Amino acid sequence: MLKISNLSFARGNKLILKKINLSISNSEIMLIKGPNGSGKSTLLSCLANFIEPLEGTVHYFSDLINQTISSKNFIFISEENYAFEDLSVLENIHYWLTINGVTPNDKAINRSINYLYGELNINKKFLHLSFGQKRKLRMLLLMLINKPIWILDDPFNGLDEESIKKLTKIISIKRDQQGMIIIATHIMPMLTGLKEYNLL
Amino acid sequence: MLLKSTQTLILFCFIVMASSIFGLALRYIQIDSKISMAIIWILLFLVVIIKVEKVYLEDFSDPKIQQYLNSIFALEVIVLIKNVMIYINLVLFFLITSPLIFLTLSIDFKFFWQINILAALSLLSLVFISSITASISNSKSNRLAITSVVTLPLFIPILIFSIGALDMDLGNMNSYLFFFAYFLLNLAFSPLLTSFALKKLSM
Amino acid sequence: MIVLNPKTLSNFFDNYKRLLFLLFLAFSIISLGMIIFIDNDYYQGVSFKIMFIHVPAAWLSLMLFGIIGTVSIIGLVFKSPTSFIIARAISPIGLLMSITVLVTGSIWGYLTWGTFWVWDARLTSMLILTFIYLGHFILLNSFEHFQKSDFAASILAVIGLVNLPVVKFSVNWWTTLHQGASVFKIGGPSLSGIYLTTLMISFFCILILCLYWIINIFVTITETRRYERKKLFNE
């Protein structure tokens, strides 16, 4: 249960978010929509406790969010790549899993890669992958790390039709498992029961 | 880390070339070992600032910091480990290239181990101080690159004590006490200030 | 505990600005009078009177850096905007004071000892203080958004506060290592009587001038930010 009250954010002298009130509970998918530059990424960063808002609070089950809560409960998938370009795909996956406290299980990794990509040489260097393949790698983290809240910033960008269907399936499975998913996107996933919030 | 070693290798080639140019320019004049040591230390300062800033620019980009904030480790711990790896990288390369530098700057080889130990001790504090200033200039909205202006005044005690320590014997521990003390002081502040700067300034 | 936000402070200061300026004028007339009519020193002639600007400026630059450091720590811990505005207001004045010390000291040194600069402990640590002030001032203007500049500059102030005594201690050690250089005593507490009084009066004169400048800058910054923030929320 994530409750946002009166959230405002300004960078220097430019007001980006103005008094936002929002409430999201478990087993819900919230879509944040809005035109380009309306502050979707900023809102998600404020939610995940990366930047401090000008005023307003974010509460998680009546606790004010802080570093401990956000690192235990949130997965944040950003628009830009966070992988190391010179390392191979497998080494990147091992690194990010270990950082998040998950022991890398090679069988599970291979299964997820087969599901997402079909055939992929995981010893290839990360920078040799195509744009869409790089973005798909983030879905691997979603599949392998188990945290209740997903905050996704434009996850469907650059994916082909097949991958969009797979990601939609993963998201709906998470919703059935009592997870909470917040997505900022322009593309409507083919799911029922979505809640929307428009940033105008 | 091995891949990033090519970066360090190029930086140390810069040191060797710069010291050779200096030695060449003053080839008819008798240079004291202390002058050469001061030259090496200044070049080392530059190399540390450049190396740490490059590593931080790449390894602490915005999305990576976001992932580190959501991980089970505190950002301070990650910064500490990164600094230690940069330190090991620099010390190993200094050890390997020091004979070349000593030759070009005509430093007496009886100072070999002393200068290497002093370099190893100085680099500890140097890396930790420049990590703070590298994290300040890590942000995308930073318009000026002034790390060196901000960092160099804090390197001065190291230079002073290193050159002073050359007078003492190798085994005399008193000359090395300052380095440990300065390192502990910086160790206390550096990870905290670095992670604080990364969190507030980069996003 | 009264919560000092920038608005109440700047309103408070606005009322006392003119009073402060008049006070400065009074002090400066007194001190100038005393300086001009005081007897010349037996050894150094007229030039020793530079001391009456040099020494207060030195005291002030050290004091102001201490204030910047403390206020930055308070700002980082309690996240109060007032402390950051105070640090931003003091920074250029501190820089000016430390440059004044170096310039007047060099001139005095040339007139008395024949050399502009020597690597003495006190001169070197003053030079390093100038560099740290310079870095602080540049950092305050190097970010696009002023909140980030405030954070970055306050981090530098904290490092400077911690490391500056170490630098001073190490430079002292250096001059005892290389005992070739003679240690010059600049000014000195062995003044008495009329000289001490003149020094104190000129110190207060320059102190009030600096306070006047700092208060002006503080008020300007606060008013500018209030105006821009009002424009922001009215858009």
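Chains as they are written, first to last, in my numbering: chain A, 4 to 203; chain B, 1228 to 1430; chain C, 8 to 242.
In this text, a Cβ means the ideal position worked out from N, Cα and C, and glycines have one as well.
Bear in mind that the values here come from a model prediction, so they are computed numbers and not experimental data.
Counting only beta-carbon atoms, is residue i nearer than 8 Å to chain C?
{"i": "PRO1380/B", "result": "yes"}
{"i": "PHE1241/B", "result": "no"}
{"i": "ALA1361/B", "result": "no"}
{"i": "ALA1424/B", "result": "yes"}
{"i": "SER1263/B", "result": "no"}
With distances taken from CA atoms, which of the options is nearest residue i?
{"i": "ARG14/A", "options": "THR204/C, LEU214/C, LYS155/C", "result": "LYS155/C"}
{"i": "LYS169/A", "options": "LEU143/A, LYS36/A, ASN126/A", "result": "LEU143/A"}
{"i": "ALA111/A", "options": "MET146/A, PRO192/A, ILE125/A, SER91/A", "result": "MET146/A"}
{"i": "PHE153/C", "options": "SER38/C, ARG232/C, ARG25/C, MET104/C", "result": "ARG232/C"}
{"i": "PHE1320/B", "options": "GLN1234/B, GLY1398/B, LYS1281/B, LEU1379/B", "result": "GLN1234/B"}
{"i": "SER1402/B", "options": "ILE1344/B, LEU1414/B, ASN1365/B, MET1312/B", "result": "ILE1344/B"}
{"i": "ILE32/A", "options": "GLN181/A, LYS43/A, ASN24/A, PHE53/A", "result": "GLN181/A"}
{"i": "LYS36/A", "options": "ILE185/A, ASN9/A, MET4/A, GLY196/A", "result": "ILE185/A"}
{"i": "LEU10/A", "options": "GLY42/A, GLY196/A, PHE79/A", "result": "GLY42/A"}
{"i": "ASN179/C", "options": "LEU141/C, PHE150/C, THR131/C", "result": "THR131/C"}
{"i": "ALA187/A", "options": "SER28/A, GLY40/A, SER8/A", "result": "GLY40/A"}
{"i": "PHE31/C", "options": "LEU239/C, GLY112/C, ASN241/C, SER209/C", "result": "SER209/C"}
{"i": "ALA1346/B", "options": "ILE1269/B, VAL1306/B, LEU1238/B", "result": "ILE1269/B"}
{"i": "LEU197/A", "options": "PHE12/A, ILE27/A, LYS22/A, LEU18/A", "result": "ILE27/A"}
{"i": "ILE114/C", "options": "ASN241/C, ASN170/C, LYS56/C, SER35/C", "result": "LYS56/C"}
{"i": "VAL169/C", "options": "ILE1315/B, ILE1373/B, ASN1413/B", "result": "ASN1413/B"}
{"i": "ASP1396/B", "options": "ILE1242/B, VAL1306/B, TYR1283/B, PHE1338/B", "result": "PHE1338/B"}
{"i": "SER90/C", "options": "ASP127/C, ILE36/C, GLY200/C, ASP157/C", "result": "ASP157/C"}
{"i": "SER1232/B", "options": "ILE1313/B, ALA1415/B, GLU1303/B, LEU1348/B", "result": "ILE1313/B"}
{"i": "ILE1277/B", "options": "TRP1340/B, GLY1250/B, ILE1242/B", "result": "ILE1242/B"}
{"i": "PRO172/C", "options": "ALA1252/B, ASP1259/B, VAL1311/B, TYR1409/B", "result": "TYR1409/B"}
{"i": "PHE1249/B", "options": "LYS1426/B, ILE1267/B, LEU1425/B", "result": "ILE1267/B"}
Can a CB atom of chain A be found closer than 8 Å to the CB of residue i?
{"i": "LEU146/C", "result": "no"}
{"i": "LEU71/C", "result": "no"}
{"i": "GLY195/C", "result": "Its pLDDT being 47, under 50, GLY195/C is placed unreliably by the model, and the measurement read from it follows with that caveat. For GLY195/C, the answer is no, since every Cβ of chain A falls outside 8 Å of its Cβ."}
{"i": "MET1430/B", "result": "yes"}
{"i": "HIS152/C", "result": "yes"}
Can you confirm whether residue i, when its beta carbon is compared against all beta carbons of chain B, has any partner nearer than 8 Å?
{"i": "GLY187/C", "result": "With a pLDDT of 38 at GLY187/C, under the threshold of 50, the predicted position of this residue should be treated as unreliable, though the coordinate-derived value follows. Judged by the 8 Å Cβ criterion, GLY187/C is not in contact with chain B."}
{"i": "VAL190/C", "result": "Residue placement at VAL190/C is flagged as unreliable, the pLDDT there being 36, under the threshold of 50; the coordinate-derived value follows with that caveat. So no, VAL190/C is outside the interface."}
{"i": "SER73/A", "result": "yes"}
{"i": "GLU83/A", "result": "yes"}
{"i": "LYS155/C", "result": "yes"}
{"i": "LEU203/C", "result": "no"}
{"i": "SER48/A", "result": "yes"}
{"i": "PHE123/C", "result": "no"}
{"i": "THR68/A", "result": "It is worth fixing the name first, because residue 68/A is Ile in this sequence and not Thr. Chain B contact via Cβ: absent."}
{"i": "ILE176/A", "result": "no"}
Which whole-angstrom value is the C-beta distance of residue i and residue j, which I expect to be below 8 Å?
{"i": "THR45/A", "j": "LEU20/A", "result": "6 Å"}
{"i": "PHE72/C", "j": "GLY101/C", "result": "6 Å"}
{"i": "LEU162/A", "j": "GLY135/A", "result": "6 Å"}
{"i": "ILE162/C", "j": "ILE1363/B", "result": "6 Å"}
{"i": "ASN1365/B", "j": "SER1325/B", "result": "The Cβ separation is near 31 Å, so there is no contact."}
{"i": "ILE80/C", "j": "VAL165/C", "result": "6 Å"}
{"i": "ARG95/C", "j": "LEU29/C", "result": "Rounded, the Cβ-Cβ distance is 26 Å, inconsistent with contact."}
{"i": "PRO1384/B", "j": "SER177/C", "result": "4 Å"}
{"i": "TRP99/A", "j": "GLN1294/B", "result": "7 Å"}
{"i": "VAL1275/B", "j": "GLY142/C", "result": "So it is not a contact: roughly 17 Å between Cβ atoms."}
{"i": "HIS62/A", "j": "LYS6/A", "result": "4 Å"}
{"i": "THR1374/B", "j": "ALA1361/B", "result": "6 Å"}
{"i": "LEU18/A", "j": "LEU239/C", "result": "5 Å"}
{"i": "ILE1334/B", "j": "SER1260/B", "result": "5 Å"}
Say yes only if the C-beta of residue i is nearer than 7 Å to one or more non-hydrogen atoms of the ligand COA, and no if none qualify.
{"i": "LYS24/C", "result": "As far as ligands go, the structure on display features none, and thus does not contain the ligand COA."}
Q) What residues in the region 91-120 of chain C have a beta carbon less than 7 Å from any beta carbon of chain A? A) Taking 7 Å as the cut-off between beta carbons, none of the residues of the region 91-120 of chain C comes near chain A.
Q) Would you call the region 135-144 of chain A and the region 1319-1338 of chain B in contact, with 3 or more CB pairs under 8 Å? A) Touching, no, given that fewer than three Cβ pairs across the two stretches are closer than 8 Å.
Q: Report yes or no: do the region 1283-1300 of chain B and the region 81-97 of chain A share at least 3 C-beta pairs separated by less than 8 Å?
A: The region 1283-1300 of chain B makes contact with the region 81-97 of chain A: 3 or more CB pairs, one atom from each, lie closer than 8 Å.
Q: Count the C-beta pairs between the region 135-143 of chain C and the region 96-115 of chain C that are closer than 8 Å, then say yes if the count reaches three, no if not.
A: Verdict: yes, contact present.
(Q) Please identify, using Cβ separations under 8 Å, the residues of the region 1373-1399 of chain B that lie next to chain C, in order along the chain. (A) Within the region 1373-1399 of chain B, the residues whose Cβ lies closer than 8 Å to some Cβ of chain C are ILE1373, VAL1376, VAL1377, LEU1379, PRO1380, LEU1381, ILE1383, PRO1384, ILE1387, PHE1388, GLY1391, ASP1394, listed in chain order.
Q | Interfacial residues, the region 216-240 of chain C to chain A, with Cβ spacing under 9 Å | A | Contact annotation: in the region 216-240 of chain C, residues whose CB is within less than 9 Å of a CB in chain A are ARG232, GLU235, ARG236, LYS238, LEU239, PHE240.
Q: For the region 1273-1300 of chain B, enumerate the residues whose C-beta is nearer than 9 Å to any C-beta of chain A, in chain order.
A: Listed by position along the chain: GLU1285, ASP1286, SER1288, ASP1289, PRO1290, LYS1291, ILE1292, GLN1293, GLN1294, TYR1295, LEU1296, ASN1297, SER1298, ILE1299, PHE1300.
Q. If you pair each beta-carbon of the region 78-88 of chain C with each one of the region 55-68 of chain C, do three or more pairs fall below 8 Å?
A. The answer is no - the region 55-68 of chain C does not touch the region 78-88 of chain C, with fewer than three Cβ pairs under 8 Å.
Q. Just checking, does the region 20-31 of chain C make contact with the region 1382-1402 of chain B on the three C-beta pairs under 8 Å criterion?
A. Two segments are said to touch when three or more pairs of C-beta atoms, one from each, lie closer than 8 Å; by this definition the region 20-31 of chain C does not touch the region 1382-1402 of chain B.
Q | Stretch pair the region 1292-1309 of chain B + the region 92-103 of chain A: three plus CB contacts closer than 8 Å | A | Contact holds: three or more Cβ-Cβ distances are below 8 Å.
Q. Listed in chain order, which residues of the region 1303-1332 of chain B have Cβ atoms closer than 9 Å to some Cβ of chain A?
A. Residues of the region 1303-1332 of chain B that bring their beta carbon within less than 9 Å of a beta carbon in chain A comprise ILE1305, in sequence order.
Q: Take every Cβ of the region 120-130 of chain A, pair it with every Cβ of the region 155-162 of chain A, and state whether three or more of those distances are shorter than 8 Å.
A: They do not touch, by the three-pair rule.
(Q) Counting only Cβ-Cβ distances shorter than 8 Å, please list the residues of the region 100-134 of chain A near chain B, keeping chain order. (A) Residues of the region 100-134 of chain A that bring their beta carbon within less than 8 Å of a beta carbon in chain B comprise ILE102, ASN103, GLY104, in sequence order.
Q. If we count Cβ pairs, one from each stretch, closer than 8 Å, do we get three or more for the region 10-20 of chain C versus the region 219-228 of chain C?
A. The region 10-20 of chain C makes contact with the region 219-228 of chain C; the number of CB pairs closer than 8 Å reaches 3 or more.
Q: Evaluate the contact criterion for the region 1403-1421 of chain B versus the region 205-221 of chain C: three or more CB pairs, one atom per stretch, below 8 Å.
A: Too few Cβ pairs lie closer than 8 Å, so no.
Q: With 9 Å as the limit, tell me which residues of the region 32-66 of chain A have their beta carbon closer than that to any beta carbon of chain B; keep them in chain order.
A: Those would be SER48, ALA51, ASN52, PHE53, ILE54, GLU55, in chain order.
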